[in-house]
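K.L.:
Attaching a single structure in structure tokens format; questions to follow.
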Amino acid sequence: MDWGLQNRLARIIKPETGHTVMLAVDHGYFLGPTSKLENPRATIAPIIQYADALMPTRGVLRTSVDPKTQTPIVLRVSGGTSIIGPSLADESITTTFEEAIRLNVAAVALSIFVGTDYEHNTLMNLADLVNEGETYGIPVLAVTAVGKELGKRDARFLSLSCRIAAELGAHFVKTYYCEEFEKVVGGCPVPVVIAGGPKLDTMSDVFQLAYDAINRGAIGVDMGRNIWQSEHPVAAIQAVRAIVHEKATVTKALELFDDLKATRN
Ligand code: R5P
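Residue numbers (the working numbering): 6 to 270.
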């Protein structure tokens, strides 16, 4: 791996722990002004300092993120669909590499939709991005998307999707946690981070998800809704950090969350 590519990855995946807490705020690219992300600047400002990387689109990056931030950017560069359109899987690349370089990003991210009518298109989007990423030294994060079919989040499907992403050259992969998650990680020769998915019932559930994922081989999380839809997002992200970077237990994370929410947010 070229020096620039390694250096950018090391800004996202912290060399001290080999882990990362990414903050996903790209949901508007197909969901519009989703709950608690209606005003991206207001959502992002209090929590960005606790994230190892932020994952926005270029629109939200330019309009809603302070350019003086020291948090590396993993730029969402695929889209072209909406939640009310015919298929979420029909994505194209929306943002050029020149634009990604201009925005000084640490990595670019796209979704792949294995098993759909758009499998070939989205996998070729990945292959093309990797070719450009290798040219410019910018890592590519492949997101193994399931669209509206949340039931697809099982080890068989996710192993297939993650492995294909790695085979096509993705430098790291974002997927969902599932039963037998170790099989997904075991079959994927590049680092894996997990999405949080829709908001869970309790913070205990959120911390258990992060804990299980890390203990079964994920190198981190790329969470959105379970952080910023929390009543206490600043406390939530710090408690997730404790699990990801300090091997905190769920009980310890809950104690930290309770302490932090009582003092500040
Ligand atoms: C979905 O494709 C988007 O990339 C989201 O960023 C992703 O789902 C992670 O966010 P959440 O933790 O809310 O699922």
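Idealized CB from N, CA, C, for every residue including glycine.
What are the start and end residues of the beta strand (DSSP E) that includes residue 225?
P.N.:
The residue given as residue 225 occupies position 220 in the sequence shown. From DSSP, the beta strand (DSSP E) with residue 225 extends over 225 to 228.
K.L.:
Out of 118, 16, 242, state which residue places its alpha-carbon closest to the alpha-carbon of residue 51.
P.N.:
For this step, residue 51 is matched to residue 46 along the sequence shown. Of the listed residues, the one whose Cα sits closest to residue 51 is 242.
K.L.:
Going along the chain, which residues of its own chain have a beta-carbon closer than 6 Å to the beta-carbon of residue 235, five neighbours each way excluded?
P.N.:
As a working note, residue 235 is residue 230 in the sequence shown. Cβ neighbours of residue 235 beyond the five flanking positions: 241.
K.L.:
Spatial neighbours of residue 98 within its chain, please: CB distance less than 8 Å, with the 5 preceding and 5 following residues excluded, ordered by chain position.
P.N.:
Here residue 98 corresponds to residue number 93 of the sequence shown, with the count starting at 1. Around residue 98: 82, 83, 115, 130, 133, 134.
K.L.:
Identify every run of the beta strand (DSSP E) within the stretch 133 to 203, keeping only runs that are complete inside it and at least 3 residues long; order them along the chain.
P.N.:
DSSP runs (the beta strand (DSSP E)) wholly in the stretch 133 to 203: 145 to 149, 177 to 180, 197 to 200.
K.L.:
Measure the CB-CB distance between residue 225 and residue 60 and report whether it falls below 8 Å.
P.N.:
Counted from its first residue, the sequence shown places residue 225 at position 220. Counted from its first residue, the sequence shown places residue 60 at position 55. Contact: no.
K.L.:
Compute every distance between the C-beta of residue 231 and the non-hydrogen atoms of ligand 1, then say whether any falls below 7 Å.
P.N.:
For the purposes of this step, residue 231 is identified with residue 226 of the sequence shown, where counting begins at 1. True, at least one ligand heavy atom lies under 7 Å from that Cβ.
K.L.:
Does DSSP put residue 255 in a helix, a strand or coil?
P.N.:
Here residue 255 is taken as the residue at index 250 of the sequence shown, counted from 1. Here residue 255 sits in helix by DSSP.
K.L.:
In chain order, what residues of the same chain have a beta carbon less than 7 Å from the beta carbon of residue 23, not counting five sequence neighbours either side?
P.N.:
The residue labelled residue 23 in the question sits at position 18 within the sequence shown. Answer for residue 23: 224, listed in chain order.
K.L.:
Could you have a look at residue 266 and say whether DSSP puts it in helix, strand or coil?
P.N.:
Taking the first residue of the sequence shown as position 1, residue 266 is located at position 261. If DSSP states are grouped into helix, strand and coil, residue 266 belongs with the helices.
K.L.:
Quick one: is residue 229 buried, meaning 16 or more other Cβ sit within 10 Å of its Cβ, or exposed?
P.N.:
In the sequence shown, residue 229 corresponds to position 224, counting from 1. So residue 229 ends up on the buried side.
K.L.:
Assuming residue 248 and residue 212 are in contact, meaning their beta carbons sit under 8 Å apart, how far apart are those beta carbons, in whole angstroms?
P.N.:
As a position in the sequence shown, residue 248 is number 243, starting the count at 1. As a position in the sequence shown, residue 212 is number 207, starting the count at 1. About 6 Å; that satisfies the 8 Å criterion.
K.L.:
What residues match up with residue 41 in a beta bridge as DSSP calls it?
P.N.:
The sequence position of residue 41 within the sequence shown is 36, counting from 1. In the DSSP output, where bridge partners are listed per residue, residue 41 has none listed.
K.L.:
What do you reckon, is the C-beta of residue 116 under 7 Å from a heavy atom of ligand 1?
P.N.:
Counting from 1 along the sequence shown, the entry for residue 116 is found at position 111. Indeed, a heavy atom of ligand 1 lies less than 7 Å from the Cβ.
K.L.:
Since residue 112 is in the beta strand (DSSP E), which residue starts that stretch and which ends it?
P.N.:
Translated into positions along the sequence shown, residue 112 becomes position 107. It spans 112 to 117 - the beta strand (DSSP E) in which residue 112 sits, taken as one unbroken run.
K.L.:
Looking at the strands, I want to know which residues DSSP matches up with residue 29.
P.N.:
Along the sequence shown, one-based indexing puts residue 29 at 24. Partner(s): 60.
K.L.:
Apart from the five residues on each side of it in sequence, which residues of its chain come closer than 7 Å, Cβ to Cβ, to residue 202?
P.N.:
Within the sequence shown, residue 202 is the residue found at index 197, counting from 1. Within the same chain, residue 202 has close Cβ partners 181.
K.L.:
With a threshold of 8 Å, are at least 3 pairs of Cβ atoms found where one atom belongs to the stretch 182 to 192 and the other to the stretch 139 to 146?
P.N.:
As far as the Cβ criterion goes, the stretch 182 to 192 does not touch the stretch 139 to 146, which means the pair count is below three.
K.L.:
Below 8 Å on the Cβ atoms is my guess for residue 117 versus residue 150; work out the distance and round it to an integer in Å.
P.N.:
Reading the sequence shown from its first residue, position 112 is the one you call residue 117. Reading the sequence shown from its first residue, position 145 is the one you call residue 150. About 7 Å separates the two Cβ atoms, so the contact holds.
K.L.:
Nearest to residue 121 by CA position, among 268, 166, 172, is which residue?
P.N.:
By one-based count along the sequence shown, residue 121 stands at place 116. Among 268, 166, 172, the Cα nearest to that of residue 121 belongs to 166.
K.L.:
Regarding residue 148 and ligand 2, is the C-beta to nearest heavy atom distance less than 7 Å?
P.N.:
Absent from the structure shown: ligand 2. Ligands present: ligand 1.
K.L.:
Is the stretch 212 to 222 in contact with the stretch 33 to 49, if contact means three or more CB pairs nearer than 8 Å?
P.N.:
In short, these stretches do not touch, since the Cβ pair count stays below three.
K.L.:
Give me the Cβ distance between residue 160 and residue 193, rounded to the nearest whole Å; I'm assuming they're in contact under 8 Å.
P.N.:
Taking the sequence shown and counting its residues from 1, the one referred to as residue 160 is at position 155. Taking the sequence shown and counting its residues from 1, the one referred to as residue 193 is at position 188. Not really, about 11 Å apart at Cβ, beyond 8 Å.
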